[in-house]
Amino acid sequence: MVAVSRGLLWPQVREGRSWAIYLAVKDLEKMEQEADAICAYVQDKDSTLRSAAHVHALSRHSEAMEARGTRQIFTH
8 MVAVSRGLLW PQVREGRSWA IYLAVKDLEK MEQEADAICA YVQDKDSTLR SAAHVHALSR
68 HSEAMEARGT RQIFTH
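Each number in the working numbering comes from the position in the sequence shown (counting from 1) with 7 added on.
Here is the structure:
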């Protein structure tokens with residue numbers, strides 16, 4: 008079975024990869040959680056979807072950088 012959306016092949020199909028259904032479902036659930044967070048921001052802050060997505064992405068990036076730590080944290 009070939010996954011086609013609006014006439015375009017999905018990347019995993021073009022590359023000859025296949026996804027196990029549980030991985031696809033897991034990824035979809037994560038995408039839904041992130042979309043819900045962005046929509047909540049839009050409603051709370053009366054923002055556009057684009058701005059909310061940027062704020063969300065920067066927040067995620069900031070969390071990742073904090074989780075990674077800094078040289079100062081590791082030397083003390």
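Note that CB positions come from ideal geometry on N, CA and C, so glycine has one too.
Being a predicted model, the structure only gives us computed values, none of them experimental.
* Asked: Mapping DSSP to helix, strand and coil, what is residue 58?
  -> helix
* Would the beta-carbon of residue 62 fall within 8 Å of that of residue 48? -> yes
* Asked: Taking the alpha carbon of residue 57 as the point to measure from, which residue in 76, 68, 42 and 22 has its own alpha carbon closest?
  -> With distances taken between Cα atoms, residue 57 lies closest to 42.
* Asked: Given a threshold of 16 other Cβ atoms within 10 Å of its Cβ, counted over all protein chains shown, does residue 27 qualify as buried or as exposed?
  -> exposed
* Asked: Taking DSSP as the reference, what is the three-state secondary structure of residue 27?
  -> Coil at residue 27, not helix or strand.
* Asked: When burial is assigned at 16 or more other CB atoms within 10 Å of the CB, is residue 59 buried or exposed?
  -> buried
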